[in-house]
DNA sequence: AATTTTTACGCAATCGTTTCCGAAATTCGT
DNA sequence: ACGAATTTCGGAAACGATTGCGTAAAAATT
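Here it is, written out as structure tokens:
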């Protein structure tokens, strides 16, 4: 770390530190000539003000924290990409924390962040989170917080999501219209906002088409092997589903693998559709019909909102609860025309 | 941000700030009784020392920066995952910066980081980086820096990579052994360390099998459409390749798409193999043979090394240049037995 | 009992920047 | 030309935690 300080610059130029500081922030109470002299030396010595001293004094860290439940998930990666983009534009730094769907870790991180290390937080809660005290405690400190995707509706904080229920409805409806009547819905256990919204979209579609009695809801956990086992038993029971709708990208991969293992043909024997942001989904065998979430946009929008909060700007009324639509891409795993063998 | 400070704790307990500070760091010169009193109040008030004040005084930020060229790439995501894991264990925070393969952005980030904001840097350089002054200038400041994957060999900084040349050799050899003689190698343009190492592995295999005259090297850039066009023309030239070996995951996806478009069958008409960390590669149509890099391990190992440097611990001699082997997974896109139609 | 050592704590400087007050020096208004 | 307003800058006190140094009191040593 360079040990050249504001004070040294000041000495060198026979100025006071305050003048140098003001020059650097282009204060109107410094003459142009002095500013130029300061900037010249600063540039020459490649001086950078110490961010910790600055943060301490100004009580601003120019840093935000992004808390995500997992990183090996294209959705969160794209969100992060959007966030980083906006943060960079605003001159902010991005701290990343991964909870690995662990509630305790989430609590610890939020607790730790109460120190003033960051000016704001963006979070998608862990699947194991049912209690929100750690979040309310944080918000009560007055530090801006924005939820994205997996939100906590009851809290007074902006939420940026996609239209999960609508998207799930459309996906289910699509499956119904292509002839499916026994559609299984695979979702993450716990009571995440997205899970319940997606489930209700699924159920609503079944209801509208009089198929509510056929509902098959399977709640899977994070353990890959357990999920695999649940999917297997789904195919081994007497009343097999004729379609699978997975609410989580990862589950679609597991489902494909199980189908391969059990030699079940997609889409002939079972159709498939999934929430997924995998760019490679179109290369799957068969290509996977997917609900693509506007991940990048969610990242950008929620970051935008966070910075408005940080800058104490008024939020537009529409920015309290932002919903960006997903879109459905139909591919071979759930073809519109039934493939006849 | 909580406005409760060390000083207030001290007043409340009728102690001096120094005593409180020492109590919190478990100094031996504080009686157990006092420590207990301090800790009790600290716990009760949920006090957290201001990190900026602490960083300023101790000249330690407890933060590292991770600079990656792109994030929508499974390899870097897994590396990041490993890094975050180790950082968390060491009580460190992780700042993430994405260069988007942009040299100037990389320069700017490194310049900005010369302020003492972080205690160390982990970086994989951008493909457009040919000049390393920004890196040497940084290292000369005495701040630890570790390279991973895309390294700069000539610099005196630890490097953690995989055995690119060996892996590329084996992949090429595999293609040759399954009957291919016109193997095209698709790599990223620019002179990245990984590109040249992978290329040399490819060339070495061709050489050993007397196929050097058949070498086909295509350098692609980041523009997706340009890459697509280059791949198309590869298939449209008179002397078509009978195998494609892509050094970058993204290129394999584009290649698959082009093959679909041109109705070229993999592996019947052209075999494929790629460097890739996509978990879903096994679900491709056909499933993609891949060189899987130990991304998570690279992340963990390079973070480990960085923290040794930060703690001024001696590096083991083996930690100056760490090479973690990749492994080849053969799938349907380059079957061992030739599929006869 | 006198001395040395140890224990347990306080004082005050320090990290580097920012900003509230002044206060010269200059310009302006009339 | 003389007070008022403006411009331009410096002094010094923050911000909050850490730490070198000093020192009473208690304990140990001779």
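Residue numbers (the working numbering), protein chains in the order written: chain A, 654 to 994; chain B, 654 to 994.
We put the beta carbon where it would ideally sit given N, CA and C, even for glycine.
Candidates the options: which alpha carbon is nearest residue i's?
| i | options | result |
| --- | --- | --- |
| residue 927(A) | 971(A), 908(A), 842(A) and 956(A) | 908(A) |
| residue 694(B) | 664(B), 969(B), 809(B) and 758(B) | 664(B) |
| residue 793(A) | 932(B), 696(B) and 656(B) | 656(B) |
| residue 770(B) | 745(B), 756(B) and 789(B) | 745(B) |
| residue 822(B) | 800(B), 984(B), 862(B) and 810(B) | 862(B) |
| residue 783(B) | 806(B), 876(B) and 864(B) | 806(B) |
| residue 940(B) | 763(B), 925(B) and 729(B) | 925(B) |
| residue 831(A) | 875(A), 920(A) and 850(A) | 920(A) |
| residue 988(A) | 955(A), 923(A) and 949(A) | 923(A) |
| residue 791(A) | 893(A), 810(A) and 738(A) | 810(A) |
| residue 929(A) | 840(A), 747(A) and 956(A) | 840(A) |
| residue 800(A) | 955(A), 875(A), 673(A) and 679(A) | 955(A) |
| residue 734(A) | 786(A), 962(A) and 953(A) | 953(A) |
| residue 787(A) | 963(A), 763(A) and 692(A) | 763(A) |
| residue 742(A) | 960(A), 666(A), 903(A) and 836(A) | 960(A) |
| residue 914(A) | 898(A), 932(A), 889(A) and 934(A) | 889(A) |
| residue 692(B) | 666(B), 705(B), 724(B) and 711(B) | 666(B) |
| residue 711(B) | 737(A), 706(A) and 710(A) | 706(A) |
| residue 868(A) | 737(A), 898(A) and 836(A) | 836(A) |
| residue 877(B) | 851(B), 852(B), 905(B) and 891(B) | 905(B) |
| residue 726(B) | 982(B), 834(B) and 777(B) | 777(B) |
| residue 895(B) | 751(B), 951(B), 825(B) and 937(B) | 825(B) |
| residue 974(A) | 958(A), 986(A) and 982(A) | 958(A) |
| residue 917(A) | 969(A), 859(A), 897(A) and 933(A) | 897(A) |
| residue 755(B) | 781(B), 732(B), 715(B) and 849(B) | 781(B) |
| residue 983(A) | 866(A), 942(A), 714(A) and 736(A) | 942(A) |
| residue 717(A) | 860(B), 855(B), 750(B) and 736(B) | 750(B) |
Excluding five sequence neighbours on each side, which residues of the same chain lie with their C-beta closer than 7 Å to the C-beta of residue i?
| i | result |
| --- | --- |
| residue 979(A) | 815, 816, 820, 944, 945, 946 and 947 |
| residue 700(B) | 657 and 662 |
| residue 789(B) | 808 |
| residue 963(A) | 772, 773 and 797 |
| residue 767(B) | 791 and 794 |
| residue 828(B) | 836, 896, 898, 924, 926 and 987 |
According to DSSP, is residue i helix, strand or coil?
| i | result |
| --- | --- |
| residue 718(B) | strand |
| residue 658(B) | coil |
| residue 960(A) | helix |
| residue 789(A) | helix |
| residue 860(A) | helix |
| residue 775(B) | strand |
| residue 821(B) | helix |
| residue 980(B) | strand |
| residue 901(A) | coil |
| residue 808(B) | coil |
| residue 888(A) | helix |
| residue 814(B) | strand |
| residue 729(B) | helix |
| residue 917(B) | coil |
| residue 872(A) | strand |
| residue 750(B) | strand |
| residue 927(B) | strand |
| residue 841(B) | strand |
| residue 798(A) | strand |
Within the present structure, is the beta-carbon of residue i separated from the nearest heavy atom of the ligand NAP by less than 6 Å?
| i | result |
| --- | --- |
| residue 933(B) | Here there are no bound small molecules, and the ligand NAP is not part of this structure. |
Take residue i and list the residues in its own chain whose beta-carbon comes closer than 6 Å to its own, dropping the five residues that flank it on each side.
| i | result |
| --- | --- |
| residue 976(A) | 814 and 816 |
| residue 847(B) | 803 and 817 |
| residue 857(B) | 822 |
| residue 883(B) | 871 and 873 |
| residue 885(B) | 911 |
| residue 660(B) | 670 |
| residue 675(B) | 683 |
Leaving out five residues before and five after residue i in sequence, what residues of the same chain have Cβ atoms less than 8 Å from its Cβ?
| i | result |
| --- | --- |
| residue 881(B) | 907, 910 and 911 |
| residue 844(B) | 783 |
Fill in: Near-chain B residues of the region 680-704 of chain A (beta-carbon distance less than 8 Å), N- to C-terminal order
699, 701, 702, 703 and 704
Worksheet item: For the region 919-947 of chain A, which residues have a beta carbon sitting closer than 9 Å to at least one beta carbon of chain B?
Response: Here the close residues are 931, 932, 933, 934, 935, 936, 937, 938, 939, 940 and 941.
Worksheet item: the region 708-734 of chain A: which residues have C-beta closer than 8 Å to a C-beta of chain B, in chain order?
Response: 708, 709, 712, 714, 716, 724, 725, 727, 730, 731, 733 and 734
Worksheet item: Listed from N- to C-terminal order along the chain, which residues in the region 734-759 of chain A have their beta-carbon within a distance smaller than 7 Å of any beta-carbon of chain B?
Response: 734, 737, 746, 747, 748, 749 and 751
Worksheet entry | Residues, ordered as in the chain, of the region 888-915 of chain B that lie near chain A by beta-carbon distance below 7 Å | 906 and 909
Worksheet item: Any residues in the region 766-778 of chain A with a beta carbon nearer than 8 Å to a beta carbon of chain B? Which ones, in chain order?
Response: 767, 768, 769 and 770
Worksheet item: Listed from N- to C-terminal order along the chain, which residues in the region 875-889 of chain B have their beta-carbon within a distance smaller than 7 Å of any beta-carbon of chain A?
Response: none
Fill in: Within 8 Å of chain A by C-beta, residues of the region 810-830 of chain B in sequence order
Residues passing the 8 Å Cβ filter: none.
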